[in-house]
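Worksheet: the structure to be examined is printed underneath.
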Amino acid sequence: MNQIVILKSSDGVDNEWSREVKGNMYDIVVEGFQLLSRWTGRIWEQCAWKFSRPCKHPASDSHDSSTSFDYEKVVRWNYVPDERKALLELVSCIKSVGSMMQRCDTLVADALWETIHAEVQDFVQDKLDTMLRTTFRKKKDLSRILSDMRTLSADWMANTSKPEQDLHPLHLENEEIRRSTYFPRPVAPTAAQVHCLQFLICELVSGGNLRKSGGLFGNSGSGISVEDLKQLETFFYKLSFFLHILDYTATINTLTDLGFLWFREFYLESSRVIQFPIECSLPWMLVEHVIESQDAGLLESILMPFDIYNDSAQHALTVLKQRFLYDEIEAEVDLCFDQLVYKINEIIFSYYKCCAASYLLDESFFSASDVDDKYSVKPLRLVEIFKLRRVKLLGRTINLRSLITQRMNKLFRENIDFLFDRFESQDLCAVVELQKLLDVLKLTHQLISENLDMDSFTLMLNEMQENLSLVSFSSRLASQIWTEMQNDFLPNYLLCNTTQRFIRSLKGTRQANQRIALPSSKPYFYCGCQDLNLAYENLAALYSEFFGLPHMFAIVQLIGPRSLPWIVRALLDHISTKISTIVPKIAGLQETLPKSMGCFHLMVV
Numbered sequence: 002m003n004q005i006v007i008l009k010s011s012d013g014v015d016n017e018w019s020r021e022v023k024g025n026m027y028d029i030v031v032e033g034f035q036l037l038s039r040w041t042g043r044i045w046e047q048c049a050w051k052f053s054r055p056c057k058h059p060a061s062d063s064h065d066s067s068t069s070f071d072y073e074k075v076v077r078w079n080y081v082p083d084e085r086k087a088l089l090e091l092v093s094c095i096k097s098v099g100s101m102m103q104r105c106d107t108l109v110a111d112a113l114w115e116t117i118h119a120e121v122q123d124f125v126q127d128k129l130d131t132m133l134r135t136t137f138r139k140k141k142d143l144s145r146i147l148s149d150m151r152t153l154s155a156d157w158m159a160n161t162s163k164p165e166q167d168l169h170p171l172h173l174e175n176e177e178i179r180r181s182t183y184f185p186r187p188v189a190p191t192a193a194q195v196h197c198l199q200f201l202i203c204e205l206v207s208g209g210n211l212r213k214s215g216g217l218f219g220n221s222g223s224g225i226s227v228e229d230l231k232q233l234e235t236f237f238y239k240l241s242f243f244l245h246i247l248d249y250t251a252t253i254n255t256l257t258d259l260g261f262l263w264f265r266e267f268y269l270e271s272s273r274v275i276q277f278p279i280e281c282s283l284p285w286m287l288v289e290h291v292i293e294s295q296d297a298g299l300l301e302s303i304l305m306p307f308d309i310y311n312d313s314a315q316h317a318l319t320v321l322k323q324r325f326l327y328d329e330i331e332a333e334v335d336l337c338f339d340q341l342v343y344k345i346n347e348i349i350f351s352y353y354k355c356c357a358a359s360y361l362l363d364e365s366f367f368s369a370s371d372v373d374d375k376y377s378v379k380p381l382r383l384v385e386i387f388k389l390r391r392v393k394l395l396g397r398t399i400n401l402r403s404l405i406t407q408r409m410n411k412l413f414r415e416n417i418d419f420l421f422d423r424f425e426s427q428d429l430c431a432v433v434e435l436q437k438l439l440d441v442l443k444l445t446h447q448l449i450s451e452n453l454d455m456d457s458f459t460l461m462l463n464e465m466q467e468n469l470s471l472v473s474f475s476s477r478l479a480s481q482i483w484t485e486m487q488n489d490f491l492p493n494y495l496l497c498n499t500t501q502r503f504i505r506s507l508k509g510t511r512q513a514n515q516r517i518a519l520p521s522s523k524p525y526f527y528c529g530c531q532d533l534n535l536a537y538e539n540l541a542a543l544y545s546e547f548f549g550l551p552h553m554f555a556i557v558q559l560i561g562p563r564s565l566p567w568i569v570r571a572l573l574d575h576i577s578t579k580i581s582t583i584v585p586k587i588a589g590l591q592e593t594l595p596k597s598m599g600c601f602h603l604m605v606v
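Each residue of the sequence shown is one higher than the last, beginning at 2 in the working numbering.
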């Protein structure tokens, strides 16, 4: 390909080298077509084999085989994970190679046309000329056919030494005949010329009898030498390839058409249902396999199965001309694509959440772990997904990156709200856990922001704290901390002078307000995966039985300088109110106590 680019940008290039480069490009294109044809044929064969041998028992033990559709038995339960992986990789190869060849259409067109032009002119101007002067010299009928072939397809305008009948008389057949030289031109023969040449070759070698023994090019009664038959046969089959090369775009579309993997109208009628669930659809099964397997190598191919929907929709409209089929495909694509965006966001969010949690985890957990990579994160190649700004789906161009960004912003807000709900369902000692989980979430936001245009984390945090007003100094988190201090911490905690920690009194004077149950959510709302969630839970449990300096630092870090003065002011006012309430009672208590103590007044001096 680089040589073609150099060839186009250079002037005065050697003709032999130019012809060699363009010939190599032609061979590569033919090889690419053959490869695509072989791969697509393998998928056809596997699909036919699966449909002829349905699964008798579903793979899932919890699934009732009596309620399974016939289509489920030939598709959903008939592909093991290894087969799904192999099918997805093959679909990706077909679509990738086809897309690459499609992009090179305008770049290689001149080279292909010029090579075809050279092949045709070399045959009709040189080889046919030799045949006319040797084998077919005394066979007038056959010579007329050869002359018609030359008249039909010879490009004499590109010929610098057009042969004249007077220059090479027939009686000089033993002399060396000078080969015609012509300038290569990117002027390929038309489809009509190619078909006419094929017809004339058939007429030449068969003599009007297409059922002769030995086949069309068999040497039985044709009167043509073996060498000439081989040349005619080779050129005849080359002409067949020329038709596919000339119709470059249509050939690629045909070879990469995998829409047959979606059609299931026969099973819809036999099952007497309107439509099957998307879990039974083979394209969505391949997408689900990528998501469930967590295979880093397959993640880049997660969008390839949607090309099957494109192919089936194109086939429904242009070939079958059935609008209702297109409507069914469109409805399924809308549902599947929404699910895909949701799943992709989960994968991205979970991965970067695990990376952030692993980075911030205390080193003691790594040293104490029996498994070396228990808290490490395997890398995922998500960069290619972030680059997908244009995804073509049923004729529409979708900015997948924008959809991921929108969903990711919503996911961060939901995560912050969940952490606040979790803190509100616990006592004040859980503030350390909240601070660590918010630190993990903040680092996650920082990592994702390197690839996506995310909203500011501070903005999202203030929004979920309901702290966007410039005149408001009380946030959702500050109000909850103050409520816990007022209702639970101050009445029920005592200061231990030895450890300088506040611990819960065994005889608390007041029970804390009844709290709501801990909200349940998915693992990626904590630390991303089960092992890291358990590690951070164990770390938070170390701070759950007391209130000390770590908790105070966490409160200062969480509420910031804006709400901290409000809490201090509220605490001072609360303590002042309590002191004002207790002072009269202490004075009354002092009055009721005796003025002197002991038996000093009974002593006699």
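Each residue gets a CB set at the ideal place from its N, CA and C atoms; glycine is no exception.
What does a CB cutoff of less than 6 Å around residue i pick up in its chain, not counting 5 residues either side in sequence?
i    : result
Q103 : I253
N646 : Residue numbering for the chain in the displayed model covers 2 to 606; residue 646 lies beyond these limits and cannot be assessed.
F52  : V75
R391 : T398
I202 : L233, F237
A588 : none
What does a CB cutoff of less than 7 Å around residue i pick up in its chain, not counting 5 residues either side in sequence?
i    : result
H534 : Sequence check: residue 534 is Asn here, not His. Excluding residues within five positions, the ones whose Cβ falls inside 7 Å are P524, Y527, C528.
M465 : R414, I417, D418, F421
D454 : T406
For residue i, verify whether its CB is less than 7 Å away from any heavy atom of the ligand SAM.
i    : result
R402 : Absent from the structure shown: the ligand SAM. Ligands present: none.
Which of the three DSSP states, helix, strand or coil, is assigned to residue i?
i    : result
V206 : helix
I225 : coil
E165 : Bear in mind that a pLDDT of 46 at E165, under 50, signals an unreliable position, so the model cannot answer this.
K322 : coil
R423 : helix
L594 : coil
I303 : coil
L395 : coil
I117 : helix
Y494 : strand
R145 : helix
F264 : coil
I275 : coil
F548 : strand
R186 : coil
F70  : coil
R104 : helix
Nearest to residue i by alpha carbon, out of the options?
i    : options                : result
V320 : A357, S370, T255       : T255
E266 : E301, F277, N346       : F277
L460 : L435, D489, K411       : K411
M305 : G298, L287, K322, Q295 : L287
P55  : L37, N79, R43          : N79
L361 : L381, S282, V433, L444 : L444
L559 : Q481, R273, I583       : Q481
V334 : G561, K354, F307       : F307
F387 : A314, L401, M158       : L401
Y27  : D83, C105, V81         : C105
I1   : C497, M101, K86, E32   : No answer is possible for residue 1: it lies beyond the span of the chain, which begins at 2 and ends at 606.
L491 : F548, I146, A479       : F548
S313 : M132, S282, L259, L108 : L259
L543 : E434, L438, R563       : E434
Cutting at 8 Å between CB atoms, please list the residues of its own chain near residue i, excluding the five before and the five after it.
i    : result
I275 : L269
P520 : F419, D422, R423, S426
S272 : F70, D71, Y72
V557 : L565
V605 : Low per-residue confidence applies at V605: pLDDT is 48, beneath 50, and the placement is therefore not dependable, though the value from the model is reported in the following sentence. Closer than 8 Å at the Cβ level, and outside the excluded window around V605, lies no residue.
V1   : A question about residue 1 goes unanswered here, because the residues of the chain that appear run from 2 up to 606.
Could you check if residue i is buried or exposed, using at least 16 other CB atoms within 10 Å of its CB as the buried criterion?
i    : result
Q126 : buried
H316 : buried
I405 : buried
G672 : Absent from the model: residue 672. The displayed extent of the chain is 2 to 606, so no value can be given.
F325 : exposed
A536 : buried
M486 : buried
N498 : exposed
Q607 : Outside the modelled stretch of the chain, which goes from 2 to 606, sits residue 607, for which no answer is possible.
I583 : exposed
Between the segment 102-121 and the segment 320-330, do three or more beta carbon pairs fall short of 8 Å?
no
May I ask you to verify whether the segment 294-302 touches the segment 88-106, counting CB pairs closer than 8 Å and requiring at least 3?
Output reads yes: the segment 88-106 touches the segment 294-302.
Closer than 8 Å is the cut-off here; do at least three beta carbon pairs connect the segment 428-448 with the segment 345-362?
yes
Taking contact to mean 3 or more Cβ pairs, one atom from each stretch, closer than 8 Å, check whether the segment 237-247 and the segment 190-198 are in contact.
In short, these stretches touch, since the Cβ pair count reaches three.
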